[in-house]
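Step one of this worksheet: look at the structure below.
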Amino acid sequence: MQDINKLLKETNLTRGKEDTWTWERDKLGDYSTSSGYTALVQQQPSPYRQVFEKIWNPLIPHKVCGFTWLLLLDRIPSKFNLLKRGLIKKMEAVKCSLCGRNVEDSNHLFLHCSVTIKIWSMCFEWWGFSTAIAGSCWDSFIQHESLATKSSERLGWIIVWFSLVWTIWTTRNEVIFRGKSMDLTKTFDQVQAQAFLWVKSKERKYISASLIGS
Ligand SMILES: [Zn+2]
Numbered sequence: 063m064q065d066i067n068k069l070l071k072e073t074n075l076t077r078g079k080e081d082t083w084t085w086e087r088d089k090l091g092d093y094s095t096s097s098g099y100t101a102l103v104q105q106q107p108s109p110y111r112q113v114f115e116k117i118w119n120p121l122i123p124h125k126v127c128g129f130t131w132l133l134l135l136d137r138i139p140s141k142f143n144l145l146k147r148g149l150i151k152k153m154e155a156v157k158c159s160l161c162g163r164n165v166e167d168s169n170h171l172f173l174h175c176s177v178t179i180k181i182w183s184m185c186f187e188w189w190g191f192s193t194a195i196a197g198s199c200w201d202s203f204i205q206h207e208s209l210a211t212k213s214s215e216r217l218g219w220i221i222v223w224f225s226l227v228w229t230i231w232t233t234r235n236e237v238i239f240r241g242k243s244m245d246l247t248k249t250f251d252q253v254q255a256q257a258f259l260w261v262k263s264k265e266r267k268y269i270s271a272s273l274i275g276s
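Heads up: the sequence shown at position 26 corresponds to 88 in my numbering, and the numbers run straight through without jumps.
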């Protein structure tokens, strides 16, 4: 009630003018999904706000950014989430698709699984970093960027994070739906190749756009 009174006191009413809806976050007063998303993100406390701003990386395919967003909100269809929604009925059916031992929730599958840890170690070794695996996917995203102290390495290292989680997810799906087995070396190669391709493909688009524009 106090909030309504405060709002009414600050409002100047004009006689003879029809009431209209206005979205204050936009100069023209029009609502858009992007301005709505920005408004919601700005209300988030730190460091969540910064993470939400960074997951929509222009170098990363939209579907991967969207997947990352769901992952950080723990909305991906991991076996444990499917159990919570009643789509998997038996507790025995939620064993991790990669190690076959622990419950497959997001933090286990992407960070603490004995198989996944090896891929992370390969990536850390590749970049010459040494660190412990984070406790949650949120912490992993924040910790990952902080490891690259040189600005010249930071962008590439962040792309590796996206490539790694996307590769883990697609490989896990191939294990479940196509009966494939996971090969650590091949998976690591895929993380590297995919990160490289994402950067190269965007570079080509920028070059093409600048050539057309010139
Ligand atoms: Zn596992």
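For each residue, glycine too, the CB sits at the ideal point set by N, CA and C. Note that the coordinates shown come from a computational prediction; the quantities given were computed from them, not determined experimentally.
Here aspartate 136 has Ser168 as same chain residues with Cβ atoms under 6 Å from its own Cβ, once five neighbours each way along the sequence are excluded. Secondary structure note for glutamate 115: its alpha helix (DSSP H) is the uninterrupted segment 110-116. Short note on leucine 160: C-beta closer than 7 Å to some heavy atom of ligand 1. Going by beta carbons, phenylalanine 129 and tryptophan 200 fall outside the 8 Å limit. Taken through DSSP and simplified to helix, strand or coil, lysine 157 comes out as strand.
Each of Pro120, Asn119, Thr100 was checked against the Cα of arginine 111, and the nearest Cα belongs to Thr100. Set against 7 Å, the gap from the CB of asparagine 67 to the closest heavy atom of ligand 1 is not smaller. For the pair glutamine 254 and methionine 184, the Cα-to-Cα distance works out to about 11 Å.
Rounded to whole angstroms, glycine 91 and asparagine 67 show a C-alpha spacing of 23 Å. An exposed status is given to arginine 77, since fewer than 16 other beta-carbon atoms sit within 10 Å of its beta-carbon.
Distance check between leucine 160 and each of Leu149, Ile179, Asn119 places Ile179 closest, using alpha-carbon atoms only. For glycine 128, the enclosing alpha helix (DSSP H) begins and ends at 124-134. Cβ contact annotation for valine 113 (same chain, cutoff 8 Å, sequence separation greater than five): Leu134, Trp200, Phe203, Ile204, in chain order.
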